[in-house]
Structures are given as C-alpha cells and as structure tokens.
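J.: Dropping a structure here in structure tokens format, bear with me for questions.
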Amino acid sequence: MDDEVMIARRREAVTGGMPPGRSRGRLADEVYDTLLGQLMSLRIEPGSRVTIDVLARELGVSQTPIRDALNRMEAEGLVVRVPHAGYRIPPQITRHRFEDMLELRLLLEPAAARRSAERASSEQVAGLRRMLEEMAELEGGDGPMAYGAFGLRDAAFHDLVALSAENQVIREALARLHTHVHLFRLLHDTQVTHLAMAEHEAVLAAIAARDPDAAAYAMRRHILLSGERFRRLFDEAEGADGMAVKA
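Start counting the sequence shown at 412; every next residue gets the next number (our numbering).
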C-alpha cells in the first residue's frame, strides 16, 4: 500500500463520511491518532514546527480538535509548545533516555505478560490475535505511512497485553513511556517489522497456552532483541561522530 493511499485513509478517518454531530472529544481523538501516525512515520520530522491553522487546513477540520489533540500531545511530551509560534516536534530521544526506557520495560512488561497468561479472557486473547493479523497485513509495507501504521499496532499489541494483565498501574506507566512512538521515529526499516512479528507470535502463543513462565520469557526476549536492534543506531551515530572529529 503506497503512501498516498495510507494518507487518504487516515484523512478519511478524520474527515470523510463523518456523521453530523460527532462529538468534539471523538474528533479530537481521531486527530490525535492521525498526528501520532505522522510522528511515527516521520511525515512530521523531529525538530519541525507544527501550527494549528496549517494542520486544520491539511486535515479539513476546525482548529478546536487540532488544539485539543496538540494539548494532549504536549501533556504527554510528544510536542513542545513554543510561545507565539505554535508547537515544535522534540528531537529524537537520547541514548541515555533509550537505555532508561529499556530498563523500565524489562521490569514491567515481562510481569505484564506473566499476568496476562494467568488472567486474560478468551476474548482478550482473540483480540491479541486480531491485532497480530492486522500487523501481518502491514508487515513490509512500502513507505513511511505503512511503517507508522505498523508501529501504532505494535504499541496497541503491548497495551492489550498490559490490559489483559489487569494491572492498571503497569498499563498507565507503559503508556506514559510512549516507547513505540520514540523507537519507530528512530528507524524506518522493514526488517524491524518482520523480526517483531515473530517475537510477538511467541508472546501470544505463551499467553494463549496459559504458560506464565513462557510468556514472561518471550516478552523479555522480545524487549532485549528490540533493544539490540535500536541500540545499533546509537552505536552507528557515535561512530560517525568520531570519524567526523578525526577528519
């Protein structure tokens, strides 16, 4: 699926065929999801400026839901308000921030997967399977929008695991990290989607089998392998900086 089709579908979700009287909150949520997808696909680049009137024209909605969505993103640290100049997208996360996020994920997500294997309902397991099926349709898709859409479903899969663990504190803590937003902004590589799919399948298989130890192990392995994939980016960047200094 090419970028134009993905963009059109996202725009349709926000503007097309909307029934009259759709609530302000619902529209703001749809705008939020669209902007989040653009962040993850790097259509909105790190450090770039974002203005309400430009977004309103682009998405074909009033400024009110744009403002509501950006206020929410500001509270979550995904955008920064610039006085008298709209908003700006923050730079990519630092290596130190990345390592801190990884450490916290290793503490929380294997525990969530363990509890999910013990507590998930059959409907929740089916929901996890449907999410992986949606991800499989996007796996290896061309263009940044397809990659961003995969990343949003990746985040949703992890959130569903935390939800089925029935520990709201863990779920809220993971949501505040916005791990997948930051990680998918670092790299556009379809190999990441392929490798993540196999690791997610292992997590789901253990949860469906009601095997807490296997679920915790599979989730820990997934996070460690994901960390290695993204850590290479920082290694390469540091190596490039060192070569530039020598030159």
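From the three backbone atoms N, C-alpha and C, an ideal C-beta is built for every residue, glycine too.
Alpha carbon to alpha carbon, how far is Phe-509 from Val-592?
T.: Residue numbering aside, residue 509 sits at position 98 when the sequence shown is read from its first letter. Residue numbering aside, residue 592 sits at position 181 when the sequence shown is read from its first letter. Cα to Cα, the separation comes out at about 12 Å.
J.: Locate the alpha helix (DSSP H) running through Gly-538, then write down its first and last residues.
T.: Start at 1 with the first residue of the sequence shown, and residue 538 comes out as number 127. Gly-538 -> alpha helix (DSSP H) spans 533 to 549.
J.: Once the 5 residues before and after Val-491 are set aside, which same chain residues still bring their CB inside 6 Å of it?
T.: Residue 491 sits at position 80 when you count from the first residue of the sequence shown. Arg-499, Pro-501, listed in sequence order.
J.: Between Tyr-558, Ser-575, Gln-503, which lies nearest to His-605 when the distance is taken from Cα to Cα?
T.: Residue 605 sits at position 194 when you count from the first residue of the sequence shown. The shortest C-alpha separation from His-605 is found at Tyr-558.
J.: If you count every other CB in all the chains shown that lies within 10 Å of the CB of Ser-473, and 16 or more means buried, which is it?
T.: Looking up residue 473 in the sequence shown gives position 62. Exposed, by the Cβ-count rule.
J.: Relative to the C-alpha of Ala-627, which residue among Met-512, Asp-444, Ala-522, Leu-594 is closest?
T.: On the sequence shown, position 216 is the one that residue 627 refers to. Among Met-512, Asp-444, Ala-522, Leu-594, the Cα nearest to that of Ala-627 belongs to Ala-522.
J.: So, is Asp-511 buried or exposed, given that buried needs 16 or more other C-beta atoms within 10 angstroms?
T.: As a position in the sequence shown, residue 511 is number 100, starting the count at 1. Per the 10 Å Cβ criterion, exposed.
J.: If contacts are defined as beta-carbon pairs under 8 Å, then Ala-609 and Ala-528 qualify, I think. What distance do you get, rounded to the angstrom?
T.: Locating residue 609 in the sequence shown gives position 198, where the first residue counts as 1. Locating residue 528 in the sequence shown gives position 117, where the first residue counts as 1. Incorrect: roughly 19 Å between the Cβ atoms, too far for contact.
J.: Taking just the CA atoms, how far does Val-461 sit from Glu-469?
T.: Reading the sequence shown from its first residue, position 58 is the one you call residue 469. Reading the sequence shown from its first residue, position 50 is the one you call residue 461. Approximately 12 Å between the Cα atoms of the pair.
J.: List, from N- to C-terminal side, the alpha helix (DSSP H) runs of 4 residues or more that fit wholly inside the segment 569 to 634.
T.: Correct list: 579 to 588, 590 to 597, 601 to 619.
J.: Please say whether Leu-519 and Ala-584 have beta carbons closer to each other than 8 Å?
T.: Counting from 1 along the sequence shown, the entry for residue 584 is found at position 173. Counting from 1 along the sequence shown, the entry for residue 519 is found at position 108. In this structure, Leu-519 lies closer than 8 Å to Ala-584 by Cβ.
J.: Our contact map puts Leu-515 next to Leu-588 with C-beta atoms below 8 Å; I'd like the distance itself, whole angstroms only.
T.: Position 104 of the sequence shown, counted from the start, is the residue given in the question as residue 515. Position 177 of the sequence shown, counted from the start, is the residue given in the question as residue 588. Contact flag correct, Cβ pair sits at about 7 Å.
J.: Taking its Cβ as the centre, do 16 or more other Cβ atoms sit within 10 Å of Gln-449, making it buried, or is it exposed?
T.: Sequence index remark: in the sequence shown, residue 449 carries index 38 (1-based). When all chains shown are included, Gln-449 counts as buried.
J.: Please find out if some non-hydrogen atom of the ligand COA comes closer than 7 Å to the beta-carbon of Val-572.
T.: By its list of ligands, the structure shown contains no ligand whatsoever, and the ligand COA lies outside what it can speak to.
J.: Tell me Arg-499's beta-bridge partners as DSSP assigns them.
T.: For the purposes of this step, residue 499 is taken as residue 88 along the sequence shown, with counting starting at 1. Looking at the DSSP assignment, Arg-499 forms a beta bridge with Arg-460, Val-491.
J.: So, are the CB atoms of Leu-597 and Phe-641 less than 8 Å apart?
T.: Taking the first residue of the sequence shown as 1, we reach residue 597 at position 186. Taking the first residue of the sequence shown as 1, we reach residue 641 at position 230. In this structure, Phe-641 lies closer than 8 Å to Leu-597 by Cβ.
J.: What separation, rounded to the nearest whole angstrom, lies between the Cα atoms of Ala-537 and Asp-464?
T.: The residue you call residue 537 lines up with position 126 of the sequence shown. The residue you call residue 464 lines up with position 53 of the sequence shown. C-alpha separation (whole angstroms): 41 Å.
J.: Taking Cβ positions, are Ala-607 and Asp-565 nearer each other than 8 Å?
T.: As a first step, residue 607 is located in the sequence shown; it is residue number 196 there, counting from the start. As a first step, residue 565 is located in the sequence shown; it is residue number 154 there, counting from the start. For Ala-607 and Asp-565, yes; Cβs fall inside 8 Å.
J.: So Met-542 and Phe-561 are in contact, right, with Cβ under 8 Å, and what is the actual spacing, rounded?
T.: Counting from one through the sequence shown, the residue named residue 542 turns up at place 131. Counting from one through the sequence shown, the residue named residue 561 turns up at place 150. Actually they are not in contact, since the Cβ atoms of Met-542 and Phe-561 sit about 11 Å apart, beyond 8 Å.
J.: Within this structure, are the beta carbons of Ala-619 and Ala-524 separated by less than 8 Å?
T.: By one-based count along the sequence shown, residue 619 stands at place 208. By one-based count along the sequence shown, residue 524 stands at place 113. Taking 8 Å as the Cβ cut-off, Ala-619 and Ala-524 do not qualify as a contacting pair.
J.: So for Thr-505, helix, strand or coil by DSSP?
T.: Within the sequence shown, numbered from 1, the residue matching residue 505 stands at position 94. Note: Thr-505 maps to coil in three-state DSSP.
J.: What is the C-beta distance between Leu-438 and Leu-563, in whole angstroms, given that I count them as a contact (C-beta under 8 Å)?
T.: In the sequence shown, the residue the question calls residue 438 occupies position 27. In the sequence shown, the residue the question calls residue 563 occupies position 152. Between Leu-563 and Leu-438 the Cβ distance is about 18 Å, and since that is not below 8 Å, they are no contact.
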